[in-house]
Each structure stands twice: as structure tokens, then as C-alpha cells.
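Participant:
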Amino acid sequence: MLNRKEKVVLKKNYKKTILNIISFPLYVITFLVPKKKNMIVFGSSKGYHFSDNSKYMYLYMKELERKNSKDLEFYWLTKSKILSNEYIDDERFIYMYSLKGIYTLLRAKIAVLTHSLEDLCPILMGGKKIVQLWHGTPLKKIGHDADSWSEGSTVKIRLKRILNYFLPYLNYMKCDYLVVSSNKVVSTFVSAFKIPEEKIIVLGQPRNDTFDSLCTQSNELLRKVQGYKKVIAWLPTHRGYSKYTIVDLMKNYKFDEKKINQFLTENNYLLVIKPHFVEKGKLGEYLKGSSNILIYDEADPYPLLTKVDILITDYSSIFFDYMLTNNQIIFTPFDYQSYKEYTGLYYEYPEIASGPICYDWEQVFSSLGKEKNNNYEIIKRFFNEYDFGNCERVYKFLKKL
């Protein structure tokens, strides 16, 4: 027998499935709307954040526009009224659920995403060429390689596949082209997306141009990191599969707040922590009164990373990108075995870690300033075929579509 909570979830999923099925005629109609060949719409993070690879392509094209390059017409669509108001002076930044937003989405020939069809509006995506920039080279298993695609009974799995085939807007991994950072990772994306190898294009990640010349807008938080001898950033992966929080990663692994803050103060270091947005409140309560520990609550970490001297992370693919700086990376897979068993990993951790591997915070702070591993350059080149110029390569590719 199902409990009350399970019944509510089942009812909600049932209603959602029915709604998706009856929406099919609308999806068909979107194919009939004439598409403007050189018109592109950008989206990211389910439509609620201005971030990731789409953001840096958009900024690159804005810069080209200022130089009178008008080869492509482009727009950013967001589901957030707050975000659209924040960029109200940018006529190309549009609230998706406005008449202008819907019209723009229907008319665009090309859609550029970083996460899924939900970055825009799946039901209105008929007739478009979908270019998936994704949000990093995955360390943990994603898409069809993740367990969620094979969970449930055989009947349920087959039903899901049938629905995704006949109702392609339900397949959040759907894309026509997928941009990756290296030929060495193509097989991983073929497996995860079930996409033909010839549809995967090695052009590099636009967001990595931030480490070269593509600057982003400054804000008050970035000014706060200036004036320190070293800026250290900790970007842990969100454990969405359990109740294990960022605070647990501190408390359970010898994070002595007072001792660490004293060490940071004496050495004129700053520790910047970027938590998942759902954990900001918990972290703020735990770190009250720490003068040299700062919480970074922006959606996009890349402006921060341009100011960082040492990166601390665990399973986030961000370290593949940060290797382009040649700065130190400290790895903190505190819960490695349980994380590996639950999510699955594409690579064995010791083989791809380009710096010290630490299992508690005492080890982390004793590893500051240590030499990079001998295989640092090999690992960097394995995951990053190009250093910079990624936006330009992607732009030239979009022009050919």
C-alpha cells in the first residue's frame, strides 16, 4: 500500500503526464510557425539564471554587436521576472512568458541550452535546431547513464521510452548538436545522451574564456575578495540524493570554524564558499562571525574563479575548467565511497585528481601551497583540447547552421 505522500506524488505525476500528452497538438503547431534562419534564443538553468556557457556566448555576441557585427539575431529568454527586470535596459533580454517572449521563441531557428529543454519551453521548441552546450564535462554519471533512466518496472521504462519517442519535448536530453571540450570525452557524451558521434562537436566551453579575456560584470561581492594575499574557494557538490548537507561536510570532517578563521586571518587569506542555493541559509547560520570566510551566493561562479588562487572541490566538473589557470586544486572527496556507489562515476578519482586528495579539513589546510601533481598537464589536456577562443569557435559553428 502507498502512503499519503507517495499517493500525492503519484497523482501529481499522473496529471503531469496527461497534460503533456494533450499538449501534443500545440507542439505540432509550433512546427508551422515560420522560423527566422539567423535568429537564436539562449537559455540556461531551467530558465531561472543568467549563467553558464549560454551566458558567455550571449555576452560574446553582445560584444560583437557593439562592433557592428550583425550576422546573427539573438535573444536571452528567462522565466524569472526578477531577472528580466534586472536586465530591463537590455532589449535582447526578454521575459519568456510575455507575448514578446513567446513570439521570439516561436520564430527562432536555433535554441542554445546548457541543461535541458526546460531552459526554455519544451512544448514550444518544434522545428528548431537545438544546440546543447551543457554545463561541464561530467565526472558523475548523467542522462541515460544515470540510474533514474532505468528505475521502476520494465513496463514503466518502456512507457517512458515510448513517450519520449512520440512526444520528443518530454526528452529533456534532446538536442541536435552537442558541444564538448575534448575528443577524449566524446564517448562519454554519446553514452549519456544517446546521440550519434557525428553530432558531437569539439569546440571548447565558452565559459572558460573568462580565464582569458572575456570579462563579466563586476559586483560588490567580487570587490570584497580584493586585498587578500590568497583567495581560496570551496565549491562542493550538492548531495541532492540525501539529507547530507554542506554543513555536514564541515562538521563531520574536522572543520573548526574558529581555528580556521584564525589561520586565514593571520595569513591574510580569504576562504570563499559557494553553496548550492538551497543550502545558503544553513551555511549562513553556521558561519556567523567568521571575518575571513565569505559566502558567495551568485548563480554564476566563473566571475569568482577569475579571482581565486586555490580551488577546493570534490565531484564538480568545475575543476576541469579551473585547470586552465594552472593554479592549485585541492580535492575533497570526503564521502567518496558512498557518493560513487549512489551516483556512479565515469572516471576513477585518483586517476583524474591533479592535486592533493584530502579526507578532512586538517589535511586540506596542510596541503595549501603544495606542488601540483606531475600529471597535471596531461589531465588538463585530456579534458580541455583548447585553452581559449571557445566563444569564437562556437559562434562560427552557429553561423553555419
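If you count the sequence shown from 1, you need to add 20 to reach our numbering. Yeah, the Cβ is synthetic: ideal placement off N, Cα and C, and Gly gets one too. Quantities reported herein were computed from a predicted structural model and do not represent experimental measurements.
Do Leu324 and Ala253 come within 8 Å of each other at the CB atom, strictly closer than that value?
Facilitator: For this step, residue 253 is matched to residue 233 along the sequence shown. For this step, residue 324 is matched to residue 304 along the sequence shown. Contact flag set, yes.
Participant: What runs of the beta strand (DSSP E), each 3 residues or longer, lie entirely inside the stretch 294 to 379?
Facilitator: DSSP runs (the beta strand (DSSP E)) wholly in the stretch 294 to 379: 313 to 315, 330 to 333 and 348 to 351.
Participant: For the beta strand (DSSP E) holding Phe417, just list the boundary residues, first then last.
Facilitator: Along the sequence shown, one-based indexing puts residue 417 at 397. Per DSSP, Phe417 belongs to no beta strand (DSSP E); it is in the alpha helix (DSSP H), Asn410 to Lys420.
Participant: Per DSSP, which one or two residues make a beta bridge with Trp254?
Facilitator: Here the question's residue 254 lines up with position 234 in the sequence shown. BP columns for Trp254 point to Ile293 and Ile332.
Participant: Along the chain, where does the beta strand (DSSP E) containing Met145 start, and where does it finish?
Facilitator: Here the question's residue 145 lines up with position 125 in the sequence shown. Here Met145 belongs to no beta strand (DSSP E), and DSSP marks it neither H nor E.
Participant: Note down, in chain order, each residue of its chain lying with its Cβ closer than 6 Å to the Cβ of Tyr322, except the 5 sequence neighbours on either side.
Facilitator: Stepping through the sequence shown from its first residue, residue 322 is reached at position 302. Within the same chain, Tyr322 has close Cβ partners Arg227 and Thr230.
Participant: Measure the C-alpha to C-alpha separation of Glu305 and Tyr115 and round it to an integer number of angstroms.
Facilitator: Residue numbering aside, residue 305 sits at position 285 when the sequence shown is read from its first letter. Residue numbering aside, residue 115 sits at position 95 when the sequence shown is read from its first letter. Going by the C-alpha atoms only, they are around 34 Å apart.
Participant: Which residues does DSSP pair with Tyr115 in a beta bridge?
Facilitator: Counting from one through the sequence shown, the residue named residue 115 turns up at place 95. Partner(s): Thr98.
Participant: Thinking just about the alpha-carbon of each residue, which of Leu103, Asn287 and Ile42 is nearest to the one in Tyr248?
Facilitator: As a working note, residue 248 is residue 228 in the sequence shown. Among Leu103, Asn287 and Ile42, the Cα nearest to that of Tyr248 is on Asn287.
Participant: Quick one: Cα of Asn393 to Cα of Arg181, how far?
Facilitator: For the purposes of this step, residue 393 is identified with residue 373 of the sequence shown, where counting begins at 1. For the purposes of this step, residue 181 is identified with residue 161 of the sequence shown, where counting begins at 1. Approximately 44 Å, taken between the alpha carbons.
Participant: What runs of the beta strand (DSSP E), each 3 residues or longer, lie entirely inside the stretch 35 to 91?
Facilitator: Within the stretch 35 to 91, the complete beta strand (DSSP E) runs of at least 3 residues are 56 to 62.
Participant: Under the three-state reduction of DSSP, which class applies to Ile108: helix, strand or coil?
Facilitator: The sequence position of residue 108 within the sequence shown is 88, counting from 1. In this structure, Ile108 counts as coil in the three-state DSSP scheme.
Participant: Which residues does DSSP pair with Ala166 in a beta bridge?
Facilitator: For the purposes of this step, residue 166 is identified with residue 146 of the sequence shown, where counting begins at 1. Partner(s): none; Ala166 has no beta bridge.
Participant: What does DSSP give as the partner residue(s) for Gln152 in the beta ladder?
Facilitator: Within the sequence shown, numbered from 1, the residue matching residue 152 stands at position 132. Gln152 pairs with Leu133 and Leu198.
Participant: Out of Lys66, Lys149, Pro45 and Glu83, which one is the CA nearest neighbour of Asn58?
Facilitator: Taking the sequence shown and counting its residues from 1, the one referred to as residue 58 is at position 38. Residue Lys149 is the option with its Cα nearest to Asn58.
Participant: Identify whether Lys160 lies in helix, strand or coil by the three-state DSSP scheme.
Facilitator: Taking the sequence shown and counting its residues from 1, the one referred to as residue 160 is at position 140. Three-state DSSP puts Lys160 in a strand.
Participant: With 16 other CB atoms within 10 Å as the buried threshold, where does Phe297 fall?
Facilitator: For the purposes of this step, residue 297 is taken as the residue at position 277 of the sequence shown. Looking at its Cβ environment, which holds fewer than 16 other Cβ atoms inside 10 Å, Phe297 is exposed.
Participant: Could you check whether the stretch 397 to 407 touches the stretch 185 to 199, counting it as contact only if at least three pairs of C-beta atoms, one from each stretch, sit closer than 8 Å?
Facilitator: No, the stretch 397 to 407 is not in contact with the stretch 185 to 199.
Participant: Does the ligand GDP have even one heavy atom less than 7 Å from the beta-carbon of Tyr115?
Facilitator: As far as ligands go, the structure on display features none, and thus does not contain the ligand GDP.
Participant: Compare the Cα-Cα distances from Val61 to each of Leu153, Trp96 and Asn347 and report the closest residue.
Facilitator: On the sequence shown, residue 61 is found 41 positions in, with the first residue counted as 1. Answer by Cα proximity: Trp96.
Participant: CB-CB under 7 Å to Tyr406, same chain, minus the five flanking residues each way: which ones, in chain order?
Facilitator: Translated into positions along the sequence shown, residue 406 becomes position 386. If we look at Tyr406 and ignore the five residues flanking it on each side, its Cβ neighbours are Gly224.
Participant: Enumerate in chain order the residues of its own chain whose CB-to-CB distance from Cys411 is below 7 Å, with the five nearest sequence positions on each side excluded.
Facilitator: Along the sequence shown, one-based indexing puts residue 411 at 391. Excluding sequence neighbours, Cys411 sits near Tyr76, Met77, Tyr80, Pro226, Asp229 and Leu234.
Participant: For Glu299, tell me which candidate among Tyr359, Leu269, Glu277 and Leu291 has the shortest Cα-Cα distance.
Facilitator: Taking the first residue of the sequence shown as 1, we reach residue 299 at position 279. Of Tyr359, Leu269, Glu277 and Leu291, the residue nearest in Cα terms is Leu269.
Participant: Tell me whether Asp91 is buried or exposed, calling it buried when 16 or more other Cβ atoms sit within 10 Å of its Cβ.
Facilitator: Walking along the sequence shown from the start, residue 91 turns up at place 71. Its Cβ having fewer than 16 others within 10 Å, Asp91 is exposed.
Participant: Tell me, please, which residues DSSP counts as bridged to Ile221.
Facilitator: Working through the sequence shown from its first residue, we reach residue 221 at position 201. Answer by DSSP bridge pairing, in chain order: Val199.
Participant: I need the boundaries of the alpha helix (DSSP H) containing Asn404, first residue and last residue.
Facilitator: Looking up residue 404 in the sequence shown gives position 384. Unbroken run through Asn404: none, as it is neither H nor E.
Participant: Three-state secondary structure (DSSP) at Glu93?
Facilitator: Translated into positions along the sequence shown, residue 93 becomes position 73. Of the three classes helix, strand and coil, the one that applies to Glu93 here is strand, per DSSP.
Participant: Can you tell me where the alpha helix (DSSP H) holding Leu284 begins and where it ends?
Facilitator: Taking the first residue of the sequence shown as 1, we reach residue 284 at position 264. Residues Glu277 to Glu286.
Participant: Using the DSSP secondary-structure output, state which residues sit across from Ala212 in a beta bridge.
Facilitator: Within the sequence shown, residue 212 is the residue found at index 192, counting from 1. Note: Ala212 sits in no beta bridge, so no partner.
Participant: Roughly how many whole angstroms lie between the Cα atoms of Phe209 and Glu371?
Facilitator: One-based indexing of the sequence shown puts residue 209 at position 189. One-based indexing of the sequence shown puts residue 371 at position 351. Cα to Cα, the separation comes out at about 19 Å.
Participant: Considering only C-alpha positions, which residue in the set Ser104, Asn88, Asn404 and Gly67 is nearest to Val205?
Facilitator: The residue you call residue 205 lines up with position 185 of the sequence shown. Cα-wise, what sits closest to Val205 is Asn404.
Participant: Suppose you measure from the CA of His164 to the CA of Gln152; what does that come to, to the nearest Å?
Facilitator: Along the sequence shown, read from residue 1 onward, the residue named residue 164 stands at position 144. Along the sequence shown, read from residue 1 onward, the residue named residue 152 stands at position 132. Cα to Cα, the separation comes out at about 16 Å.
Participant: Do you know how far the Cα of Leu255 is from the Cα of Lys129?
Facilitator: On the sequence shown, position 109 is the one that residue 129 refers to. On the sequence shown, position 235 is the one that residue 255 refers to. Rounded to the nearest angstrom, the two C-alpha atoms are 36 Å apart.
Participant: To the nearest angstrom, how far is it from the Cα of Ser310 to the Cα of His135?
Facilitator: Here residue 310 refers to the residue found at position 290 when the sequence shown is read from its first residue. Here residue 135 refers to the residue found at position 115 when the sequence shown is read from its first residue. For Ser310 and His135, the distance between alpha carbons rounds to 35 Å.
Participant: How should Ser358 be labelled, buried or exposed, when 16 other C-beta atoms within 10 angstroms of its C-beta is the threshold for buried?
Facilitator: Along the sequence shown, read from residue 1 onward, the residue named residue 358 stands at position 338. Classification of Ser358: exposed, given that the 10 Å Cβ count is below 16.
Participant: If we count Cβ pairs, one from each stretch, closer than 8 Å, do we get three or more for the stretch 372 to 385 versus the stretch 338 to 358?
Facilitator: Yes, the stretch 372 to 385 is in contact with the stretch 338 to 358.
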